[in-house]
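S.K.:
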Amino acid sequence: MAVNLDKEAYYRRIKRLYANWKKGEDEFGKVDAIVVSVGVDEEIVYAKSTALQTWLFGYELTDTIMVFCESKILFMASKKKVEFLKQVAVTKGNENANGVPPITLLVREKNESNKANFEKMLEAIHASKEGKTVGVFIKDKFPGEYMKSWNDMITADGLEKVDISAVVAYAMAVKEDGELALMRKAAGVTSEVFNKFFKERVMEIVDADEKVRHNKLAESVEKAIEEKKYLGGADPSTVEMCYPPIIQSGGNYSLKFSVVSDKNYMHFGAITCAMGIRYKSYCSNLVRTLMVDPPQEMQDNYNFLLEVEEMLLKELRHGVKFGDAFTAVVDMVKKEKPDMVAKLTKNLGFAMGIEFREGSLVINSKNQYKLKRGMVLSVSVGLSDLISKEGKKDEQKKYALFIGDTVQINEEEPATILTPVKKKIKNVGIFLKNEDEEEDEEDEDDAEELLGRGARASLLPDRTRNEMTAEEKRRTHQKELASQMNEEAKRRLTEQKGEQMIQKARKSNVSYKNISQMPREREIREMKLYIDKKYETVIMPVFGIPTPFHIATIKNISMSVEGDYTYLRINFYVPGSSLGRHEGNIFPNPDATFVKEITYRASNLKTPGDPSVPSTNLQNAFRIIKEVQKRYKTREAEEKEKEGIVKQDSLVINLNRSNPKLKDLYIRPNIAQKRMQGSLEAHTNGFRFTSVRGDKVDILYNNIKHAIFQPCDGEMIIVLHFHLKNAIMFGKKRHTDVQFYTEVGEITTDLGKHQHMHDRDDLYAEQMEREMRHKLKSAFKNFIEKVENLTKEDLEFEVPFRDLGFQGAPYRSTCLLQPTSSSLCNVTEWPPFVVTLDELELVHFERVQFHLKNFDVVIVYKDYSKKVTMINAVPVNSLDPIKEWLNSCDIKYTEGVQSLNWTKIMKTIVDDPEGFFEQGGWSFLDPESEGSGAEGEDSESEMEDETFNPSAEEAEEEEEDSDEDYSSETEDSNYSASLGSEEESGKDWDELEEEARKADRESNYEEVVETSNRKRKGRSTAPPPSSKKKRRH
14 MAVNLDKEAY
24 YRRIKRLYAN
34 WKKGEDEFGK
44 VDAIVVSVGV
54 DEEIVYAKST
64 ALQTWLFGYE
74 LTDTIMVFCE
84 SKILFMASKK
94 KVEFLKQVAV
104 TKGNENANGV
114 PPITLLVREK
124 NESNKANFEK
134 MLEAIHASKE
144 GKTVGVFIKD
154 KFPGEYMKSW
164 NDMITADGLE
174 KVDISAVVAY
184 AMAVKEDGEL
194 ALMRKAAGVT
204 SEVFNKFFKE
214 RVMEIVDADE
224 KVRHNKLAES
234 VEKAIEEKKY
244 LGGADPSTVE
254 MCYPPIIQSG
264 GNYSLKFSVV
274 SDKNYMHFGA
284 ITCAMGIRYK
294 SYCSNLVRTL
304 MVDPPQEMQD
314 NYNFLLEVEE
324 MLLKELRHGV
334 KFGDAFTAVV
344 DMVKKEKPDM
354 VAKLTKNLGF
364 AMGIEFREGS
374 LVINSKNQYK
384 LKRGMVLSVS
394 VGLSDLISKE
404 GKKDEQKKYA
414 LFIGDTVQIN
424 EEEPATILTP
434 VKKKIKNVGI
444 FLKNEDEEED
454 EEDEDDAEEL
464 LGRGARASLL
474 PDRTRNEMTA
484 EEKRRTHQKE
494 LASQMNEEAK
504 RRLTEQKGEQ
514 MIQKARKSNV
524 SYKNISQMPR
534 EREIREMKLY
544 IDKKYETVIM
554 PVFGIPTPFH
564 IATIKNISMS
574 VEGDYTYLRI
584 NFYVPGSSLG
594 RHEGNIFPNP
604 DATFVKEITY
614 RASNLKTPGD
624 PSVPSTNLQN
634 AFRIIKEVQK
644 RYKTREAEEK
654 EKEGIVKQDS
664 LVINLNRSNP
674 KLKDLYIRPN
684 IAQKRMQGSL
694 EAHTNGFRFT
704 SVRGDKVDIL
714 YNNIKHAIFQ
724 PCDGEMIIVL
734 HFHLKNAIMF
744 GKKRHTDVQF
754 YTEVGEITTD
764 LGKHQHMHDR
774 DDLYAEQMER
784 EMRHKLKSAF
794 KNFIEKVENL
804 TKEDLEFEVP
814 FRDLGFQGAP
824 YRSTCLLQPT
834 SSSLCNVTEW
844 PPFVVTLDEL
854 ELVHFERVQF
864 HLKNFDVVIV
874 YKDYSKKVTM
884 INAVPVNSLD
894 PIKEWLNSCD
904 IKYTEGVQSL
914 NWTKIMKTIV
924 DDPEGFFEQG
934 GWSFLDPESE
944 GSGAEGEDSE
954 SEMEDETFNP
964 SAEEAEEEEE
974 DSDEDYSSET
984 EDSNYSASLG
994 SEEESGKDWD
1004 ELEEEARKAD
1014 RESNYEEVVE
1024 TSNRKRKGRS
1034 TAPPPSSKKK
1044 RRH
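Quick note: the sequence shown uses our numbering, first residue 14, plus one each step.
Here it is in structure tokens:
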């Protein structure tokens, strides 16, 4: 297959090279021709000659000489390469070839001296401008007879050589859109390898206390790029390392990219890692420092280093000199921490592209070149030779901090980071917490002992533990949490005491403020019912006087026809009648006299002389009252929705076209009746969703409590979910949960078609779905990374931990509830379920009994006025994992066999918090606590007094659980009667045999008593079994 050359790119780039040459700036002004010769040397990775070839043609062409003259270009290469170069040599039909000098192709003869061709090239050089000087890349020296004979010819001819490496590098430094896309991809792959492989590997090493050498770890990173799962979808054949990864720790640090990882064992302190991946010839670079149990001083220095990098990114803008950016950063360090100036790295980065390091475009004090929009730099700032006061050994005392990113230069804004690997302390710090002290272990001062087998990483970033710990350890921790929780809750409730909930009085609606507003219609004079739509009032004749009643006072109306008459009955709201579920019976003046109902009667018979039947007025009134009532209720509902809505700031639109954007998303809840697609775009201070119809929904970053990204692994949709601090209005309703999703694959499957395991169409469809899933996941992840960079990680997306998920029914249907780092959620089903862990007081497990297959989870909030959340039907095999997870999150949990009346319990606590905590507080839920016996009896008697009465809202949610009565008495009877068989299944054989013998004895006894009674009384009247038992025992 013929190799294609991108002609358009070649013409664009050769024109740029010639344009810079014609300007004659710096060394370009001193040369009459440019000579680029490339030989064969496997050891050379980066050379300006090969970089220029890759830039122009997309490939490296070995044993090729290129001569650029003022009016023509000569290429000398082997026959095969000449065929490849003919694509740009033949300019017919290529409009872009205008302005580019014509190309002469010379075929190199392998076994001959090529003297004739060399002379042709020298002749062309002499004819170009003055023909005395040639621009070359002095550092590029290729071995071989062919290259030597060409260089000898130039020297013998007396041509003066001028090094043009710097000016050509500057011409190539500004990247085109296609090049930027490749460098973004390279940076993305580097980030994936760091996050998915290196960071995870280091955590495993620290956690398992492994001894691993730096060079071995570096080799494992190089092997990892051969596996597609770490490459974010890139083809492994297009990916290579820019340089062997550099991993340093334990006091030996050299913050350069020319060093190699040594053979020392990794030390659990400050671990610096530098790695760069090259994708389709374009480089990227990333430097991070992972810290194991960093002391406060190290954390402070690291945070300062982050500030230094942020300052550097602000300085790197179009038109700023490299040297000026360096000076500004050094001045900032002198001002903030003067003692750190000597420890700062001598340069702060360099330009990067096809070559990893552009030696002439380094960020140091001497460089006078100006930055240009579109350049890509590797910035790296470090502090070396830092001393830790807490360190005892040499490797602990001395440490270094090093961070770096691949960045793109913009016009006015700070440089954009292309390697979105998080670098805050919480993301790179590995904090170890010693487990309970090992039994009588030697107490040594040795630091290795502190990080020995007993040390486990209890808090690891971006990762939650699922390993079981001993039940005793959990209980000990839970006891500590219980005392803390009771103290905090008592203090909190004491502070809140006195803040009484003010119940809102029902709004008083006045029809007319004065008599002049009363309508003067004919119907009113004729003593007919009249509806004033403007003031939403019904004017009714009462004892011959037209009396106005506002529509809000009317509860309902009914109309019936009986014989020759039509009756219209109007019922009013009065104290004592229910006003609906949430309204309460509060009237402004309940002692006044109220009209409860009025009935009007009109004839259905038309009397002579009447224009219409008298009952027509009642029929019209009935219709119009219904209409006005509906309109009024709709308006009231809208106002109620708007009540308490916190006014949001305005969205600041960023007009930059490169805003992070996701297209073809659906929004839930729907804006209109029918679901609509739209696009989600991130702006300066928030997101804007724009539907295809033009509807807009704005969500501000500062109003987002949880941003959750639910990948499509094992799901039919991929979701971005926002749980808000304050509700927002759209679609005439208020919402605290908004999500954007797109479907992956078919939600429904046609079971009618005969499917075959190896059906080609099905296999193809599955393959397409897999590719689509991967593509969508990459697009969403890319969007998230861009948003996190845009907000400087103020907004962080949480990904649910699927491994820790458990089934449960928070609403009507069962769904998979998954923890994230700060919440428990399910966002794939609607309505969504999101609970913030910081707001939890405790979690109580109800109906935990050995004979039941599932139990209920009750979530109690720190705000006791908030209704508790119930999660029903959680499988019993999830109990231990849930306990382990809650324990690791420092959340108190309790368990019990009964279902409690939480409405009553919470009301008791809020009414008398002091009394509640004096009696032991929440310890009544803990079966092992001292006061549990008395409290248990109290709660049991309360259950007998009053069964749990859910509110109207809860009634719907708990219909499925209707077989479960909340009265302990009923539960006991159910347990003994209906669940008898289950009860027996939990007993051992000895107990069952004993019961059987007892039952046999009792049935024998019954038979004996029955026969004696028959003999005595002549009829069978046996006393109840319970009385027999009493007699016998």
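Yeah, the Cβ is synthetic: ideal placement off N, Cα and C, and Gly gets one too. Remember, predicted model here, so these are calculated numbers, not experimental data.
(1) Tell me the residue span of the alpha helix (DSSP H) that contains valine 219.
(2) Say whether the stretch 33-50 touches the stretch 81-91, bearing in mind that this needs 3 or more beta-carbon pairs closer than 8 angstroms, one atom from each stretch.
(3) Taking contact to mean 3 or more Cβ pairs, one atom from each stretch, closer than 8 angstroms, check whether the stretch 919-926 and the stretch 871-881 are in contact.
(4) Which one of Trp68, Arg614, Phe600, Lys385 has the shortest CA to CA distance from methionine 572?
(5) Determine the extent of the alpha helix (DSSP H) in which asparagine 683 is found, giving its start and end residues.
(6) So for serine 981, helix, strand or coil by DSSP?
(7) Could you tell me whether the Cβ atoms of isoleucine 741 and histidine 734 are closer together than 9 angstroms?
(8) What's the gap between the Cα of tyrosine 548 and the Cα of isoleucine 658?
(9) Run through the DSSP bridge pairs and tell me what glutamate 173 is partnered with.
(10) So is proline 603 buried or exposed if we call it buried at 16+ other beta carbons inside 10 Å?
(11) Quick one: what does DSSP say tyrosine 580 is sitting in, helix, strand or coil?
(12) Does the Cβ of glutamate 610 have 16 or more other Cβ atoms within 10 Å, making it buried, or fewer, making it exposed?
(13) Tell me the DSSP secondary structure of histidine 139 in three-state form.
(14) Only counting the same chain, and skipping five residues up and downstream in sequence, which positions put a Cβ closer than 7 angstroms to that of valine 434?
(15) List the endpoints of the continuous beta strand (DSSP E) containing threonine 8.
(16) So arginine 25 is in the alpha helix (DSSP H); what residue range does that whole segment cover?
(17) To which residues of the same chain is phenylalanine 363 closer than 8 angstroms at the C-beta, ignoring the five residues directly before and after it?
(18) Beta strand (DSSP E) containing aspartate 939: first to last residue?
(19) Going by beta-carbon coordinates alone, are leucine 87 and leucine 119 separated by less than 9 angstroms?
(20) Smallest Cα separation from threonine 358: which of Lys269, Lys439, Phe281, Ala140?
(21) Assuming glutamate 235 and proline 258 are in contact, meaning their beta carbons sit under 8 angstroms apart, how far apart are those beta carbons, in whole angstroms?
(22) Identify which residue in Leu384, Arg291, Gln530, Pro682 has its Cα closest to the Cα of leucine 326.
(23) For a test of the three-state rule: what should DSSP assign to lysine 541, helix, strand or coil?
(24) Give, in chain order, every unbroken run of the beta strand (DSSP E) that is at least 3 residues long and sits entirely within the stretch 711-742.
(25) Could you tell me whether the stretch 176-184 touches the stretch 19-34, where touching means 3 or more Cβ pairs closer than 8 angstroms?
(26) Could you compute how far the alpha carbon of glutamine 261 sits from the alpha carbon of glutamate 55?
(27) I need the DSSP call for aspartate 662, collapsed to helix, strand or coil.
(28) Indicate whether the contact test is met: 3 or more Cβ pairs, each with one atom in the stretch 841-854 and one in the stretch 889-897, closer than 8 angstroms.
(29) Using only the alpha-carbon positions, how far apart do lysine 799 and proline 673 sit?
(30) How close, in whole Å, do the beta carbons of isoleucine 443 and valine 705 come, if the pair is a contact with beta carbons under 8 angstroms?
(31) Is the distance from the Cβ of methionine 279 to the Cβ of valine 343 below 9 angstroms?
(32) From which residue to which residue does the beta strand (DSSP E) around aspartate 398 run?
(33) Count the other C-beta atoms from every protein chain shown that fall within 10 angstroms of the C-beta of alanine 199, then say buried if there are 16 or more, exposed otherwise.
(34) Could you name each continuous beta strand (DSSP E) segment of 3 residues or more that falls completely within the stretch 782-862, going from the start of the chain to the end?
(35) Helix, strand or coil: which one does DSSP assign to phenylalanine 369?
(36) Compare the Cα-Cα distances from glutamate 534 to each of Ala1009, Asp222, Ile552, Asn527 and report the closest residue.
M.R.: In this structure, then:
(1) Where valine 219 is concerned, the enclosing alpha helix (DSSP H) stretches over 213-221.
(2) Flag = yes, the stretch 33-50 and the stretch 81-91 touch.
(3) yes
(4) If you compare the alpha carbons of Trp68, Arg614, Phe600, Lys385 with that of methionine 572, the shortest gap goes to Arg614.
(5) Counting along the chain, asparagine 683 falls outside any alpha helix (DSSP H), and DSSP gives it neither H nor E.
(6) Confidence in serine 981 is poor, its pLDDT being 38 and thus under 50, which makes the residue's placement unreliable; the coordinate value appears in the next sentence. Reduced to three states, the DSSP call for serine 981 is helix.
(7) no
(8) 27 angstroms
(9) Thr146
(10) exposed
(11) strand
(12) exposed
(13) helix
(14) Ser204, Phe207, Asn208, Leu299, Arg301
(15) This structure does not reach residue 8, given that the chain is present from 14 up to 1046, and the question cannot be answered.
(16) 20-36
(17) Arg370, Glu371, Gly372, Leu374, Val375, Ile376, Leu390, Ser391
(18) From DSSP, aspartate 939 is part of no beta strand (DSSP E); its letter is neither H nor E.
(19) yes
(20) Lys269
(21) 7 angstroms
(22) If we check each option's Cα against that of leucine 326, Leu384 comes out closest.
(23) coil
(24) 717-723
(25) yes
(26) Answer to the nearest angstrom: the Cα atoms are 28 angstroms apart.
(27) coil
(28) no
(29) In a straight line, the C-alpha of lysine 799 is about 6 angstroms away from that of proline 673.
(30) Wrong, their Cβ atoms sit about 47 angstroms apart, outside the cutoff.
(31) no
(32) 389-400
(33) buried
(34) The qualifying runs are 819-821, 828-832, 836-839, 846-849, 853-859.
(35) coil
(36) Ile552
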